[in-house]
Amino acid sequence: MRKLFLTPLFFISLMVNSQTIHQFTTENIEGKDFSFSSLKGKKIMIVNTASKCGLTPQYEQLQELYEQFKDSNFIIVGFPANNFMSQEPGTNEEIVEFCQKNYGVTFPMMSKISVKGKDMHEIYKFLTEKSLNGLEDSSVKWNFQKYLLNEDGKLEKVIAPSSLPNDPEIIKWIRD
């Protein structure tokens, strides 16, 4: 009978693959705790947003996508960030007002954070580091970059900021 030897690398790979978005709690834009564990069983699109960007009209497609699929175990979570040319200078209150007034945003929005640099929020460290997310290293290129996570909270795709929320690749991912 052969013996099976488990190497330390095996255990490290198990630890890496056990991390999910569900382990995080953050603050929503109203200042209340938001636990990603409440999203277990849902596909999640995380997107960094900005109010004064050429891509800001994507809020409209994000809201349409949310309305279309919110009853199909899909959710969008927005993270306002001021990392690119100071295109999100407002306070959380100003961001809420802007999003609701101009785009009727009803999907969950979190408090403003940093999505890159030394002060990068822990959720974005998870999304951008393969050693944490188990999929790939990435960097946030610009406002409205999209991260797609499956029902188990595992990162599956990184979508460029210029790709619209209603891109056929995204729609297919939601439906599959």
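To convert, note that position 144 of the sequence shown is 147 in the numbering used here; the numbers rise steadily by one, no gaps. All C-beta atoms in this analysis are idealised placements derived from N, C-alpha and C, irrespective of residue type, glycine included.
Buried versus exposed call for residue i [16 or more other C-beta atoms within 10 Å across all chains shown]
| i | result |
| --- | --- |
| Ala-163 | exposed |
| Asn-76 | exposed |
| Lys-46 | buried |
| Ser-54 | buried |
| Gln-103 | exposed |
| Gly-175 | Note on residue identity: the sequence assigns Lys, not Gly, to residue 175. It counts as exposed. |
| Asn-86 | buried |
| Asn-136 | buried |
| Pro-83 | buried |
| Val-19 | Note that Val-19 scores 48 on pLDDT, short of 50, meaning its location in the model is unreliable; the coordinates nonetheless yield the value given after this. It is exposed - the Cβ of Val-19 has fewer than 16 other Cβ atoms within 10 Å. |
Enclosing beta strand (DSSP E) for residue i [first to last residue]
| i | result |
| --- | --- |
| Lys-115 | Counting along the chain, Lys-115 falls outside any beta strand (DSSP E), and DSSP gives it neither H nor E. |
| Ser-142 | Careful: Ser-142 lies outside any beta strand (DSSP E) and carries neither H nor E. |
| Thr-28 | 28 to 30 |
One or two residues paired with residue i in a DSSP bridge
| i | result |
| --- | --- |
| Ile-79 | Met-48 |
| Tyr-150 | Ile-49, Val-161 |
| Phe-72 | Paired residues: none, contrary to the question. |
| Asp-36 | Glu-30 |
Option in the options with minimal Cα separation from residue i
| i | options | result |
| --- | --- | --- |
| His-25 | Glu-154, Tyr-62, Tyr-69 | Glu-154 |
| Thr-52 | Trp-145, Pro-171, Glu-172 | Trp-145 |
| Tyr-127 | Leu-151, Gln-61, Glu-67 | Leu-151 |
| Ser-165 | Gly-34, Leu-42, Cys-56, Tyr-106 | Cys-56 |
| Asn-169 | Gln-71, Gln-22, Lys-35 | Gln-71 |
| Lys-73 | Tyr-106, Leu-42, His-124 | Leu-42 |
| Tyr-106 | Thr-131, Pro-60, His-124, Asp-179 | Pro-60 |
Boundaries (first-last residue) of the alpha helix (DSSP H) holding residue i
| i | result |
| --- | --- |
| Ile-174 | 171 to 178 |
| Thr-131 | 125 to 131 |
| Phe-101 | 95 to 106 |
Contact under 8 Å by Cβ, residue i with residue j
| i | j | result |
| --- | --- | --- |
| Ser-142 | Lys-119 | yes |
| Gly-93 | Val-50 | no |
| Met-113 | Thr-28 | no |
| Lys-115 | Glu-91 | yes |
| Ile-78 | Leu-68 | no |
| Phe-110 | Leu-65 | yes |
| Leu-138 | Glu-172 | no |
| Met-48 | Lys-149 | yes |
| Val-108 | Tyr-62 | yes |
| Phe-39 | Asn-31 | no |
| Phe-129 | Leu-58 | no |
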